[in-house]
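Asks: Pasting a structure here, questions to come.
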Amino acid sequence: FATVGDHIDEPLRLKKTVGRLATYLQGYPELMVKTNRWDPAVLETDRRLIALRRSSAALSGGSMRYAHVSSDAIAYLRESADETLLCLAARSQHPPVRLRRATLAGAQLETLVGEDIRTDGDDVVLPSDGPAFHVWRIA
Numbered sequence: 255f256a257t258v259g260d261h262i263d264e265p266l267r268l269k270k271t272v273g274r275l276a277t278y279l280q281g282y283p284e285l286m287v288k289t290n291r292w293d294p295a296v297l298e299t300d301r302r303l304i305a306l307r308r309s310s311a312a313l314s315g316g317s318m319r320y321a322h323v324s325s326d327a328i329a330y331l332r333e334s335a336d337e338t339l340l341c342l343a344a345r346s347q348h349p350p351v352r353l354r355r356a357t358l359a360g361a362q363l364e365t366l367v368g369e370d371i372r373t374d375g376d377d378v379v380l381p382s383d384g385p386a387f388h389v390w391r392i393a
């Protein structure tokens, strides 16, 4: 990153480097992935998540309600008048997150990103993998 010099203090240098990378990724994503030998699947996942956010009223402007919080995983509902999504963000592998089906209005869940949810009696069991991000539409 020739345009971000070592003479700048570290917090500002990091901020400028991240900004520069973001700019490069917007303009030359395939080149950046190839040059740095990054996993192309990560770029495709990012693109899917960006498209989902742009197309979803719940993600772009809906309210947020936490369903589960632990040191390694957060499950939350994003809600708008038109849709409700359940999201799970995990920074590492964690015990499976169990939610009462009643918390989700007893509805069916459509997988949009990530793994399917399994059911166990009156509970839904969210995946335990990580790092990972999952999104389900509540229908």
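Quick note, our numbering runs 254 ahead of the 1-based positions in the sequence shown. Don't be surprised by glycine CBs; every beta carbon is placed ideally from N, CA and C. None of these values were measured; they are calculated from a predicted model.
(1) Should Pro381 and Ser346 be called a contact, given that it needs their Cβ atoms to be closer than 8 Å?
(2) As a quick exercise: from Leu297, Asp293 and Leu268, pick the residue whose alpha carbon is nearest that of Gln280.
(3) What's the C-alpha gap between Ile392 and Asp260?
(4) Would you kindly work out how many angstroms separate the C-alpha atoms of Arg404 and Leu366, rounded to a whole number?
(5) Whose C-alpha, out of Asp336, Ser324 and Met318, is nearest the C-alpha of Tyr330?
(6) For Tyr282, which three-state DSSP category applies?
(7) In chain order, what are the residue ranges of uninterrupted beta strand (DSSP E) at least 3 long that sit wholly in the segment 276 to 325?
(8) Where do the ends of the beta strand (DSSP E) carrying Leu363 lie?
(9) Go ahead and pull the three-state DSSP assignment for Glu333.
Replies: Working from what's here:
(1) no
(2) Leu297
(3) 49 Å
(4) There is simply no residue 404 to check, as the chain begins at 255 and stops at 393 in what is shown.
(5) Closest by alpha carbon: Met318.
(6) Reduced to three states, the DSSP call for Tyr282 is coil.
(7) 317 to 323
(8) Leu363 to Val367
(9) strand
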